[in-house]
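Protein chains in written order, with our numbering: chain A, 3 to 433; chain B, 3 to 433.
2 protein chains.
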Amino acid sequence: MKAELISIGTELLLGQVVDTNGAYLASRLGSLGIEVCYKSTVGDIEIEIEHALRQAFSRSEFIITIGGLGPTEDDLTKKVMARALGKSLVLDEEILHKIKSNFTSQGLSMPAANIKQAFIPQDTRVLKNSVGTAPGLIMREGKTIIVALPGPPWELRRIFEDQVVPFIEKEYPPKNLMVTKVLKTCGLKESEVDEKIKDIMTGQTPLEAIEKPLSVDKALTGQTNPSIGLLAHPTGIDIRITVRGSDKSKLKQMIAGVESEIGHRLGQYIFGVDDQTLEQVVGFLLYMNKLTISVAESCTGGLVSHKLTNIPGSSNYYKGSVVAYSDQIKKRSLGVDKKNLDEFGAVSEQVAKQMARGVRKACKADLGLAITGIAGPTGGTHERPVGLVYIALAAGRKVKVKEHKFNGPREVIKEKAATAALDMLRRYLLK
Amino acid sequence: MKAELISIGTELLLGQVVDTNGAYLASRLGSLGIEVCYKSTVGDIEIEIEHALRQAFSRSEFIITIGGLGPTEDDLTKKVMARALGKSLVLDEEILHKIKSNFTSQGLSMPAANIKQAFIPQDTRVLKNSVGTAPGLIMREGKTIIVALPGPPWELRRIFEDQVVPFIEKEYPPKNLMVTKVLKTCGLKESEVDEKIKDIMTGQTPLEAIEKPLSVDKALTGQTNPSIGLLAHPTGIDIRITVRGSDKSKLKQMIAGVESEIGHRLGQYIFGVDDQTLEQVVGFLLYMNKLTISVAESCTGGLVSHKLTNIPGSSNYYKGSVVAYSDQIKKRSLGVDKKNLDEFGAVSEQVAKQMARGVRKACKADLGLAITGIAGPTGGTHERPVGLVYIALAAGRKVKVKEHKFNGPREVIKEKAATAALDMLRRYLLK
Numbered sequence: 003m004k005a006e007l008i009s010i011g012t013e014l015l016l017g018q019v020v021d022t023n024g025a026y027l028a029s030r031l032g033s034l035g036i037e038v039c040y041k042s043t044v045g046d047i048e049i050e051i052e053h054a055l056r057q058a059f060s061r062s063e064f065i066i067t068i069g070g071l072g073p074t075e076d077d078l079t080k081k082v083m084a085r086a087l088g089k090s091l092v093l094d095e096e097i098l099h100k101i102k103s104n105f106t107s108q109g110l111s112m113p114a115a116n117i118k119q120a121f122i123p124q125d126t127r128v129l130k131n132s133v134g135t136a137p138g139l140i141m142r143e144g145k146t147i148i149v150a151l152p153g154p155p156w157e158l159r160r161i162f163e164d165q166v167v168p169f170i171e172k173e174y175p176p177k178n179l180m181v182t183k184v185l186k187t188c189g190l191k192e193s194e195v196d197e198k199i200k201d202i203m204t205g206q207t208p209l210e211a212i213e214k215p216l217s218v219d220k221a222l223t224g225q226t227n228p229s230i231g232l233l234a235h236p237t238g239i240d241i242r243i244t245v246r247g248s249d250k251s252k253l254k255q256m257i258a259g260v261e262s263e264i265g266h267r268l269g270q271y272i273f274g275v276d277d278q279t280l281e282q283v284v285g286f287l288l289y290m291n292k293l294t295i296s297v298a299e300s301c302t303g304g305l306v307s308h309k310l311t312n313i314p315g316s317s318n319y320y321k322g323s324v325v326a327y328s329d330q331i332k333k334r335s336l337g338v339d340k341k342n343l344d345e346f347g348a349v350s351e352q353v354a355k356q357m358a359r360g361v362r363k364a365c366k367a368d369l370g371l372a373i374t375g376i377a378g379p380t381g382g383t384h385e386r387p388v389g390l391v392y393i394a395l396a397a398g399r400k401v402k403v404k405e406h407k408f409n410g411p412r413e414v415i416k417e418k419a420a421t422a423a424l425d426m427l428r429r430y431l432l433k
Numbered sequence: 003m004k005a006e007l008i009s010i011g012t013e014l015l016l017g018q019v020v021d022t023n024g025a026y027l028a029s030r031l032g033s034l035g036i037e038v039c040y041k042s043t044v045g046d047i048e049i050e051i052e053h054a055l056r057q058a059f060s061r062s063e064f065i066i067t068i069g070g071l072g073p074t075e076d077d078l079t080k081k082v083m084a085r086a087l088g089k090s091l092v093l094d095e096e097i098l099h100k101i102k103s104n105f106t107s108q109g110l111s112m113p114a115a116n117i118k119q120a121f122i123p124q125d126t127r128v129l130k131n132s133v134g135t136a137p138g139l140i141m142r143e144g145k146t147i148i149v150a151l152p153g154p155p156w157e158l159r160r161i162f163e164d165q166v167v168p169f170i171e172k173e174y175p176p177k178n179l180m181v182t183k184v185l186k187t188c189g190l191k192e193s194e195v196d197e198k199i200k201d202i203m204t205g206q207t208p209l210e211a212i213e214k215p216l217s218v219d220k221a222l223t224g225q226t227n228p229s230i231g232l233l234a235h236p237t238g239i240d241i242r243i244t245v246r247g248s249d250k251s252k253l254k255q256m257i258a259g260v261e262s263e264i265g266h267r268l269g270q271y272i273f274g275v276d277d278q279t280l281e282q283v284v285g286f287l288l289y290m291n292k293l294t295i296s297v298a299e300s301c302t303g304g305l306v307s308h309k310l311t312n313i314p315g316s317s318n319y320y321k322g323s324v325v326a327y328s329d330q331i332k333k334r335s336l337g338v339d340k341k342n343l344d345e346f347g348a349v350s351e352q353v354a355k356q357m358a359r360g361v362r363k364a365c366k367a368d369l370g371l372a373i374t375g376i377a378g379p380t381g382g383t384h385e386r387p388v389g390l391v392y393i394a395l396a397a398g399r400k401v402k403v404k405e406h407k408f409n410g411p412r413e414v415i416k417e418k419a420a421t422a423a424l425d426m427l428r429r430y431l432l433k
């Protein structure tokens, strides 16, 4: 079955907002056995929305539209949908009541604009929105099913998970399944990962791949089974394993076989799977080891702390941080010696070590992690270039320190340094 | 002229990565007078890439492909492009030399996989990549121009800005211009903004908009001139003003007229324009007022500090932060009284005020900003629910504090609290 996503919103074509909903839905539909084959984006223009809908009707059996259900003038989805399906818009009293009480419960009266959200095309199943005012919709046109979801990501996700997933599971019991697993690595470059596993990926050398194209059926489907793809981020490489077939347990076995072979070659460079983050893994290891952590940040400016505290329950193991941009605070709150600052500079092994020890003591934590470096774009010298970062980890009476040289713009250097710090902590906790 | 973007990568259709390049290019092309009319996404499958290319040749005069130029097995763009254009792939010695020296300069030898990146379709202009190994390409097919750019965002941006923009400016001197300006607000809901400016948006009431569709030419183009659209984020509403025409100075006047009218109605709710962030504006105001800032964070866990330090040059006004998750650090590093913690709790006006005063003192800064609250998902009670946040600002001997109630998941509450804190600082600095 061919599924299609249509994102609606001029802001998407003008590039003012990044479409995270498309990625979310594509991933979730894939796991339900529905493969997204087309993804298109149109502006808030009636004729273009209608054109995209009619094109989708002609080629896809399952369509999800995203956005354009809000209360404002440029929210056109329902109006155009009704016209394309030859239906009229009718007032839904229940939705109207729900929207009104959303406002009255907050002591506000409903703005006139919101009444628009209570009009829906005839013969439509309403998907209640418990976290916002715009309800979603499910409509049928012959064999085709059309789902309309609101654009705000957490409203879309809630409605999709609570109401659309059960609908899909009932309507399309999976036949041709696709199972995907992602192995997440950090510390290696894309070509290093490729070098280590390329024979698993295709069995061809790169020159062979250029000179001898793949066999016809491989070229037609573009994939082997299992197929393996790499995805490079500034902070690490994801390895995506995909298998297709009808027998779920066999697919899981296939995945496990490839995973074990790749795991054997890459070892601790793999930190997690699927949508796990480094901070989740580190949090889990801290929790299991019953250890607490504190952080002294200079060039990362709070990013390591922000990542650690994104994890629910992090207050069980995370005690606190000192973000020490000025030398004054390095001395005062972290106990860094003036002598070390003068002799070696704030970006040095010596200061990194003292920061790690100092924050551990100030927070009475088991571990102290410290990052000091030059995030740029200015502040670099010939001896201490932009991207030079020292990361130290204090545990008990011991302190380890490591030098890194990162490249990229300021925010990328912050990301890379934060990742390397969390990874140093992870590797310590694995021992 | 119709322009089209084709994003290539199975990871995009599986939802494993969010396409930020599309948004970037759409926005930049718009400012160069080139309107992106189609945006499509295909997987790393030869036949699908070829299909998308052939469809684009049939309807668009300017095409940009994104991704698929890397060294690995699933990077297929050049191979398919050559076939679709009836060209063969040839080895470019200069590119090969460049890639080799990239590696040797780092003391590494070139992995065999990277040689693939030195093969390009015949009669192609090479776009040098100074920040990575995959070069971009410009090709012509009759009247159509095809640009291929690598997927990593900072490689794509650098090549686009340095080499594609000058090419576009020479090849397509702008005729029909589109100028966009975004006014960024925080502190108002979408329907509140809509209520205040909806007559500027269309001159229709919402009920009229449902009952009386727009006039034919409005419905055809879907827009008035100037046209105004709203875009809701969890932390604020963007107002997008777009004008079209041929006379640049007239367009600027039109924008200025609308901007002034909206500015009059929304006042200080507007914090910036276009891609300005709250932290940029706050940083600028701190710098202009020659004031330094320090931050005490509890529920935001370092996010305010991370945002402030994302701005190059922030070391001129940002001194440091204490992220105080445990009460111990609140007492020890910020001087919060045990009595206040026991009597009022860590999430209280009293503790917020003491945190703001304490961090100002610890960092010897002019201002102290403090955030304490419950980010959830657990930890809430009936009296102190998840989302309750106190924000305090200490300046001289004065401390102000404000209570907020935010909703949403943990990361959204962190974002909203960080935004409210920066906004409180901004409004103080504007006085």
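Positions of the beta carbon are idealized from the N, C-alpha and C atoms, including for glycine. What you are looking at is a predicted structure, and each value in this text was computed from that prediction instead of being measured.
Name the chain A residues that come within less than 9 Å of residue i, Cβ to Cβ?
i: M203(B); result: T74, E75 and D76
i: E263(B); result: Under the 9 Å cutoff, chain A gives no residues; its nearest Cβ is about 16 Å from E263(B).
i: Q330(B); result: K321, G322, C365 and K366
What does residue i touch in chain A if you count any residue whose Cβ is under 7 Å from its own?
i: E13(B); result: G231, L233 and R242
i: H308(B); result: G303, G304, L305 and H308
i: V92(B); result: Neighbours of V92(B) on chain A: none; closest Cβ ~11 Å, over 7 Å.
i: Y26(B); result: G17
Less than 8 Å separating the beta-carbons of residue i and residue j?
i: I8(A); j: A86(A); result: no
i: R412(A); j: A372(A); result: no
i: T302(B); j: A367(B); result: no
i: A423(B); j: G375(B); result: no
i: V283(B); j: R160(B); result: no
i: V338(B); j: G315(B); result: no
i: Y289(A); j: Y320(A); result: no
i: Y271(B); j: C365(B); result: no
i: T434(A); j: T237(A); result: Outside the shown range of chain A (3 to 433) lies residue 434(A), about which nothing can therefore be said.
i: L233(A); j: R242(A); result: yes
i: I202(A); j: V260(A); result: yes
i: L190(B); j: I117(B); result: no
i: E48(A); j: T146(A); result: no
i: H308(A); j: G410(B); result: no
i: A25(B); j: G17(A); result: yes
Listing by chain order, which chain B residues have their CB less than 7 Å from the CB of residue i?
i: P154(A); result: A234
i: S317(A); result: Y327
What does residue i touch in chain A if you count any residue whose Cβ is under 8 Å from its own?
i: P113(B); result: S193, E194, D196 and E197
i: N312(B); result: G303, R412, E413 and K416
If residue i sits next to residue j, beta carbons under 8 Å apart, how far is it from one beta carbon to the other, in whole angstroms?
i: G285(B); j: M180(B); result: Their Cβ separation, rounded to whole angstroms, is 30 Å, which puts G285(B) and M180(B) out of contact at 8 Å.
i: A326(A); j: L336(A); result: 6 Å
i: D46(A); j: I10(A); result: 7 Å
i: I51(B); j: V82(B); result: 5 Å
Using a cut-off of 8 Å between C-beta atoms, extract the partners of residue i located in chain B.
i: D368(A); result: The premise fails here: D368(A) is roughly 13 Å from chain B at the closest Cβ pair, so nothing lies under 8 Å.
Would you say the beta carbon of residue i is closer than 7 Å to some non-hydrogen atom of the ligand SAM?
i: L232(B); result: Because no ligand of any kind appears in the structure shown, any question about the ligand SAM cannot be addressed here.
What does residue i pair with, by DSSP beta-bridge criteria?
i: R159(B); result: Paired residue(s): none; R159(B) is not in a bridge.
i: D276(B); result: Per DSSP, none; premise fails for D276(B).
i: L179(A); result: G247(A)
i: T187(B); result: I272(B)
Since residue i meets chain B, which of its residues come closer than 9 Å, beta carbon to beta carbon?
i: P228(A); result: Simply none; closest approach about 13 Å.
i: T67(A); result: Neighbours of T67(A) on chain B: none; closest Cβ ~15 Å, over 9 Å.
Determine, using beta-carbon pairs with one atom in the stretch 393-407 of chain B and one in the stretch 342-355 of chain B, whether at least three such pairs fall under 8 Å.
-> yes
Determine contact between the stretch 323-332 of chain B and the stretch 295-308 of chain B, defined as no fewer than three beta-carbon pairs at a distance below 8 Å.
-> yes
Counting Cβ pairs, one atom from each stretch, are 3 or more of them under 8 Å apart for the stretch 130-145 of chain B and the stretch 94-108 of chain B?
-> yes
At least three beta-carbon pairs within less than 8 Å, the stretch 118-130 of chain A to the stretch 31-47 of chain A | no
Counting Cβ pairs closer than 8 Å, one from the stretch 148-158 of chain A and one from the stretch 249-261 of chain A, do we hit at least three?
-> no
Touching or not, the stretch 166-179 of chain B and the stretch 191-201 of chain B, by the rule of three or more beta carbon pairs under 8 Å?
-> no
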